[in-house]
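> Those letters in the sequence shown? Residues 32 to 215, per the working numbering, in order.
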Amino acid sequence: MSELHPDVQEVLLSEDDIKEIVSRVGAEISRDYAGKNPLIVCVLRGAFVFTADLMRAITIPCAVDFMAVSSYGDGVVSSGVVRIVKDLDTHIEGRHVIIAEDILDSGLTLSYLINMLKARKPASIEIAAFTVKDTEGQGPAVKPRYVGTHVPDAFVVGYGLDLAERYRNLPYVGVLKPEAYANK
Ligand code: IMP
């Protein structure tokens, strides 16, 4: 286990937990999409680490493409604004698309994205969410077909997830100490 970052209060998912989660999701996708050559859509930036590991856990032919949207500013609260920063290069008409997402919170980002991508007539479109945040109330606006695991309703970092572009490189998922927000 790597040394704990001084700003991290608690590790929620260790490197071993993550490995187990990703290989399970990869196996599920490999089973469900055999013969379908799915396109894995990585939603930048947060999902790039999960996508890279997920691709290697998928044992059937598959392809990858990238999109960038911004739904959060540099803070911890949703701005409610979803902006397409980079679109796909791949034509998805008739393709089986799986959106790889780092964390599903309100789901507003993905709900917007999915509606936009559906207009391009993919054969199917599903979500593989590495984590789903357990929030009070109705839960995310979209339903992921694949869920890695659930995390509590706290701001988490690591394994691609950031606070103002920091901590993405942590190999585990953790909760920050309150001071870490203040220093931001
Ligand atoms: P949603 O639209 O509320 O589902 O927000 C999804 C996006 O917000 C994720 O893809 C992340 O980029 C970001 N996000 C939501 N919760 C967290 C968190 O706890 N840590 C880091 N980023 C988060």
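All residues carry an ideal CB built from backbone N, CA and C; glycine is no exception.
Round the Cβ separation of valine 72 and alanine 99 to the nearest angstrom and send it over; I've been treating them as touching at under 8 Å.
Not really, about 11 Å apart at Cβ, beyond 8 Å.
> Answer with buried or exposed for valine 202, where buried requires no fewer than 16 other C-beta atoms within 10 angstroms of its C-beta.
The residue you asked about is not valine; residue 202 is proline in the sequence shown. Under this definition proline 202 is an exposed residue.
> Got a sec? Which residues, its chain only, sit under 7 Å from serine 54 by beta carbon, not counting five neighbours each side?
If we look at serine 54 and ignore the five residues flanking it on each side, its Cβ neighbours are Ala88.
> In three-state terms, what does DSSP make of lysine 117?
It is a strand residue.
> Less than 7 Å separating the Cβ of isoleucine 134 from some heavy atom of ligand 1?
Yes, since a heavy atom of ligand 1 falls inside the 7 Å radius drawn around the Cβ of isoleucine 134.
> DSSP on glutamate 59, reduced to helix/strand/coil?
Note: glutamate 59 maps to helix in three-state DSSP.
> Can you tell me whether phenylalanine 79 sits near ligand 1, meaning its C-beta is under 7 Å from at least one heavy atom of the ligand?
Every heavy atom of ligand 1 is 7 Å or more from the Cβ of phenylalanine 79, so no.
> With H, G and I counted as helix, E and B as strand and the rest as coil, what does DSSP make of proline 92?
In the structure shown, proline 92 sits in coil (DSSP, three-state: anything other than H, G, I, E or B).
> Any idea if aspartate 133 is buried or exposed, counting beta-carbon neighbours within 10 angstroms, 16 or more meaning buried?
When all chains shown are included, aspartate 133 counts as buried.
> Quick one: give me the first and last residue of the alpha helix (DSSP H) that leucine 139 is part of.
Looking at the DSSP string, the run of the alpha helix (DSSP H) that includes leucine 139 is 139-149.
> Would arginine 126 and proline 153 be called neighbours here (beta carbons separated by less than 8 Å)?
Cβ distance < 8 Å, so arginine 126 and proline 153 count as in contact.
> Could you check where the alpha helix (DSSP H) with proline 209 kicks off and where it finishes?
Looking at the DSSP string, the run of the alpha helix (DSSP H) that includes proline 209 is 209-213.
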